[in-house]
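See below for the structure under consideration.
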Amino acid sequence: MTGIRRSSIFILFLTILFMITAAWGAEKDFLSSGADSGQEPWDIEAQELTYNKETDTYTAKGEVVIKKGERVLQCDWATVNRKTMIARAVGNIRFSSGGDQLQGEEMTVDLDKQTGEIKKGRLFLKQNHFYVTGEEIHKTGESTYRVVNGTFTSCDGEKVPWEIRAKELTVTVEGYGQVWHSSFRVKDLPVLYFPYMVFPAKTKRQSGLLIPEPGYSTRDGALLNLPVYFVLSDQTDLTFYEQVMSRRGFMQGTEFRYVLSPQSKGTLLFDYLFKDLLGREEYEKGHIAEPYERRYWFRGKINQRLPFQTDLKLDLDWVSDRDYLKEFRGLSNNLNDNRTYFLKEFSRDVDGETVLTRKNAAVFTKGLGPYQFTGGFIYYREVDGTEDSLHQLPFLRFDSVKQALWKNLYLQWYSSYNHYWRKEGEQGQVLDLDPTLSLPLRWKNYLKMEGSLGVTETLFQVKEKESDAVKDTGSRTVPRVRLDLSTDIQRVFQVSGKELQKVKHTIRPQIIYNYVPEVQQEGLPSFVSALNKQNTLTYYLTNTFTGKFVIGKGKNGENLFSYRDLAQIRFYQTYDINEAGRETAPGESRRPFSNLYGEVEFRPLSRLTWRSTLSWSPYEKEMASQSHYLSYWDKKGSSAYVEYFSGAGNTYRQINANLLWKIHPAWSADFLTRYSLDQKQNYETKVGLSYTHQCYGIRAYYATTLDDRKFIVSVSLKGLGELF
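The sequence shown begins at 1050 in our numbering and counts up by one.
This is the structure we're talking about:
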């Protein structure tokens, strides 16, 4: 799930089987001329071609080339006996088909029995870039093989960085294989030895042991993660992660995945630490809230297409305690890895590690033309021990898009039903109906206007009241009015750049008026939010600069163009008319203006972006909050970003940075930091160095947090999987 290629460590021997199968099948096609009758004939070229009538044997000598389509066999000498159906090829044997290549010194094939052997054989499989060699490669039956003194690698060249050597190997296609005296070698130095093993010989995904993931932590001690992978079917798999922490204990991890279609797939993960050996010690140091023992985290996401074009989306996030995600952020399948994976595969995120109410939801959706039905259940896991979260068991929504009623008059509505339940506190039901009529108008090309009139009707019923002031049942009707006025002022500037031809400057002033009258709302339960009176004007001023770039020539020599927003600058602020007319007490002043907000984005280069958001208080005369983000990436794969943010009058200030530097096509370095300027503390720092070879990769990194230090060296082997 972290990017690992799910291949068993035994895939080496399975791949040998696959390559041998492809090669022998191709040679049978070449030699079984009877089977090819009526099809494209073989073309045989040689310096000398003879036929012996007594032995019924064809003999080809000297620069023998036998072709059929893309299949080509070259050798020094070849014979075919039509009686025994035994074919032999000798000297510089080279067979190629579709990029796959087989070489050897001597080959014998019994075409009737589909058996044979090749001596000093070497096979290259182009699709997966695999090499296999053997002093002898025997085909002992229709689907059985035997290799003597064989090797396997995905590395090019004669002196390979790594390979697998086996004294003897027997294989049955779509069955099992046996290996005697096999070793994994690095630069011809044996590293791992297996005296005997049995492995599944499948041409599809196979179950087995994945590469172990070692590491060391100053807090948790020596680390070892041993993944075991099981293929349950073509659409499902299961992985167990046996994670050992020498000072902390044993954690069992499980991951289940299935893919039935692009609309139906799911991933479920569960990690369980049977006994936290450091729980008491970490609690006494003040690092965690409680002396935890058994700790776990269950999470997952499912997208499922149901009958009648209905979709189900399931989100699960159930963690044992408030400190789990922070303490185990460095293990396999940690929160950051999961968030990246879930966003990529399901377009949905998981709450951050500081969120103490973890959301679990099952949501059904059904499109009905211009209408949308949504329903489901939402339950919150409260890791802080409280039991006052409002769970929606169930909730229902029925909404519509904006639809024309008459000319420019449109109707849109939202409606919802919620049954709120919690262990402690008020519970009940709420029905909301929210229709809106809107009238968009345009005056020539100068002014755009849209007025809307809406109403929110709320009905509620309460159980387990906390106060007699709360009604058992009730309703509320709140009307609202909105008016939106805007215009666009544009000018195009000619630019004499090589690529940049024109820049369009658009100024959009906009004013939005919102009005909600004061409505009596006494007796509302805690799970119904009050809709306060509103009488506000909000102004926006947006400047957009759009560039027109030449990107090349068309078929007829005409220029081809692309467009990119070079910059956008927006300011907005709200003026509260009610606040401006509010009666004040002696010494009290009115504050009708909200903070002044600014949003800025610059993209002077296609790979360079600067974004800033600011909030300035007109009464405190200072920045209430601000954030700045600068990012860059290049074609080589290097990237960098720096982020600064502060809030609450600069009571907290933090800077984050991330750098990936492609020093060389084979070398890259990375750096990450999260630093608190007000606390003068490094929350997290990571420095890494990676080397990528044609058939393997090595990565080393050092990471520090407030309470831990880690050093990890990981290895990836092409065709075997990866460590992270």
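Virtual Cβ for every residue (Gly too), placed ideally from N, Cα, C.
Extent of the continuous alpha helix (DSSP H) to which residue i belongs
| i | result |
| --- | --- |
| L1374 | 1373-1376 |
| L1454 | Premise fails: L1454 lies in the beta strand (DSSP E), 1452-1455, not in any alpha helix (DSSP H). |
| F1395 | 1384-1395 |
| R1329 | 1328-1333 |
For residue j and residue i, believed in contact at Cβ under 8 angstroms, the rounded distance
| i | j | result |
| --- | --- | --- |
| K1110 | E1094 | About 12 angstroms separates the two Cβ atoms, so there is no contact after all. |
| G1596 | R1613 | 5 angstroms |
| L1365 | G1349 | 5 angstroms |
| V1129 | Y1107 | 5 angstroms |
Range covered by the beta strand (DSSP E) that runs through residue i
| i | result |
| --- | --- |
| T1099 | 1097-1101 |
| T1734 | 1730-1741 |
| I1351 | 1344-1355 |
| I1337 | Here I1337 belongs to no beta strand (DSSP E), and DSSP marks it neither H nor E. |
| D1437 | Neither: D1437 is in no beta strand (DSSP E) and is coded neither H nor E. |
| G1647 | 1645-1654 |
| Q1476 | 1476-1492 |
| V1404 | From DSSP, V1404 is part of no beta strand (DSSP E); its letter is neither H nor E. |
| P1528 | 1522-1535 |
| N1198 | 1193-1202 |
| T1164 | 1164-1174 |
| D1092 | 1092-1094 |
| F1323 | Neither: F1323 is in no beta strand (DSSP E) and is coded neither H nor E. |
Cβ-based burial, residue i [other Cβ within 10 Å; buried from 16]
| i | result |
| --- | --- |
| L1355 | exposed |
| Q1292 | buried |
| D1320 | buried |
| N1605 | exposed |
| A1084 | Bear in mind that a pLDDT of 40 at A1084, under 50, signals an unreliable position, so the number given afterwards is only what the model happens to contain. Exposed, because fewer than 16 other Cβ atoms sit within 10 Å of the Cβ of A1084. |
| P1714 | exposed |
| S1524 | exposed |
| S1203 | buried |
| S1655 | exposed |
| S1545 | exposed |
| G1401 | exposed |
| K1767 | buried |
| W1073 | Caution is warranted here: a pLDDT of 37 is assigned to W1073, below 50, making its placement in the model unreliable, and the coordinate value is therefore given only provisionally. When all chains shown are included, W1073 counts as buried. |
| N1382 | buried |
| R1407 | buried |
| W1492 | exposed |
| E1333 | exposed |
| S1056 | With a pLDDT of 36 at S1056, under the threshold of 50, the predicted position of this residue should be treated as unreliable, though the coordinate-derived value follows. By the neighbour-count rule (16 or more Cβ atoms within 10 Å), S1056 is buried. |
Residues that residue i bridges to, as DSSP identifies them
| i | result |
| --- | --- |
| C1124 | V1113 |
| P1667 | Answer by DSSP bridge pairing: none, since P1667 is not bridged. |
| E1628 | None; E1628 has no bridge partner. |
| H1554 | R1540, F1594 |
| D1719 | L1709, G1737 |
| R1143 | Q1123, Q1152 |
| E1513 | BP columns for E1513 are empty, so no partner. |
| H1468 | Q1478 |
| Y1428 | N1409 |
| V1293 | L1273, F1299 |
| G1032 | Lying before the first or after the last residue shown, residue 1032 is absent from the chain, which here runs from 1050 to 1773. |
| K1314 | V1308, N1352 |
| F1422 | K1415, F1447 |
C-beta neighbour in chain D for residue i, strict 8 angstroms
| i | result |
| --- | --- |
| L1580 | The displayed structure is made up of one protein chain only, and chain D is not part of it. |
Nonlocal neighbours in the same chain, by C-beta distance under 7 angstroms from residue i, ignoring five residues either side
| i | result |
| --- | --- |
| C1124 | V1113, A1138, V1139, G1140, N1141, I1142 |
| S1695 | S1674, Q1675, Y1701, R1702 |
| K1169 | G1153, E1154, E1184 |
| K1512 | Q1476, G1477 |
| L1275 | P1261, E1291 |
| L1679 | W1659, Y1690, V1691 |
| L1445 | G1424, S1465, Y1466 |
| F1323 | G1298, F1299, R1343 |
| E1076 | Its pLDDT being 34, under 50, E1076 is placed unreliably by the model, and the measurement read from it follows with that caveat. Cβ within range, chain order: F1144, V1158. |
| S1313 | N1352, Q1353, R1354 |
Nonlocal neighbours in the same chain, by C-beta distance under 6 angstroms from residue i, ignoring five residues either side
| i | result |
| --- | --- |
| N1337 | Here the sequence assigns Ile to residue 1337, which means Asn is not the residue at that position. The residues are E1331, D1372. |
| S1739 | S1717, R1748 |
| Q1617 | T1593, E1650 |
| G1087 | Residue placement at G1087 is flagged as unreliable, the pLDDT there being 43, under the threshold of 50; a coordinate-derived value is accordingly withheld. |
| V1412 | K1362, G1425 |
| A1453 | Y1459 |
| V1235 | W1211 |
| F1620 | L1590, G1647 |
Closer than 7 angstroms: residue i CB and nearest the ligand GTP heavy atom
| i | result |
| --- | --- |
| Q1452 | Ligands in the displayed structure: none, and consequently the ligand GTP is not present. |
Residues near residue i by beta carbon distance below 8 angstroms, same chain, minus five either side
| i | result |
| --- | --- |
| M1294 | S1266, D1269, G1270, A1271, L1272, M1300 |
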